[in-house]
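Input: a single structure, listed below in structure tokens.
In the working numbering, the protein residues as written are 19 to 209.
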């Protein structure tokens with residue numbers, strides 16, 4: 019069996035065999051593969067790492083689906099269901115408001131514009147807020163301590179992803195610092 023990395027646009031005429039990989043040929047092949055990725059993924063590796071970690075945590079959360087070990091009062095169950103529905107609705111509304119600007123990656127799209135109305139009037143990252151709320155609410159409603167732990171990790175990850183994203187948004191939108199001063203990151207400012 020012979021691996022031919024020419025299809026991946028390597029500069030070398032050599033092919034790699036599984037029995038004798040060459041470091042320089044591997045690096046050339048890796049560069050050849052990188053051109054297949056969107057430029058935002060190549061230019062913002064930290065942002066890409068946040069997206070991959072987010073996908074892994076959401077996947078683990080979904081795999082831990084089911085009734086958990088602890089029981090909750092009926093009234094709290096209804097509150098949790100309402101929180102779950104509100105979180106999903108907030109995510110959907112914010113995604114619709116972003117429209118063509120929507121992306122899982124922190125790097126702003128070219129030709130994007132800053133959205134400061136609707137859900138974005140109250141929090142700068144309403145999709146992250148809605149996702150965190152929905153994850154916590156469903157874990158509580160199900161009494162699932164594993165999901166509750168994963169929701170906590172996800173909320174922490176989204177907090178740090180938002181911080182990273184805001185550094186990039188400041189570079190693109192000159193009025194972003196003013197927006198930051200008036201609007202909470204993940205929770206509405208009360209004062």
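Built from N, CA and C at the ideal position, the CB exists for glycine as well.
Three or more Cβ pairs closer than 8 Å define a contact, and the segment 105-122 falls short of that threshold against the segment 162-180. Between residue 139 and the set 203, 72, 69, the nearest pair of CA atoms involves 203.
Annotation: residue 62 is outside any alpha helix (DSSP H) and is labelled neither H nor E by DSSP. An exposed status is given to residue 100, since fewer than 16 other beta-carbon atoms sit within 10 Å of its beta-carbon. Every alpha helix (DSSP H) of 4 residues or more that sits fully in the segment 122-198 is shown, in chain order, as 144-160, 163-190. For residue 96, the enclosing alpha helix (DSSP H) begins and ends at 92-116. With a threshold of 16 other beta carbon atoms within 10 Å, residue 156 meets it and is buried. Classified as exposed, residue 77 has fewer than 16 neighbouring CB atoms from the shown chains inside 10 Å of its CB.
By the Cβ rule, the segment 183-202 counts as touching the segment 109-126, because three or more pairs are nearer than 8 Å. In this structure, the beta-carbon distance from residue 94 to residue 158 falls below 9 Å. Looking at the DSSP output, residue 202 sits in a beta bridge with 141. Annotation: residue 64 to residue 90 spans about 39 Å, alpha carbon to alpha carbon. Around the beta carbon of residue 199, fewer than 16 other beta carbons sit within 10 angstroms, so the residue counts as exposed.
Beta-carbon to beta-carbon, residue 161 and residue 87 are separated by about 6 Å, close enough to satisfy the 8 Å threshold. DSSP, reduced to helix, strand and coil, places residue 120 outside both helices and strands of the structure shown, so it counts as coil. For residue 84, the three-state secondary structure derived from DSSP is coil.
Approximately 6 Å separates the beta-carbon atoms of residue 134 and residue 197; this is inside 8 Å, confirming the contact.
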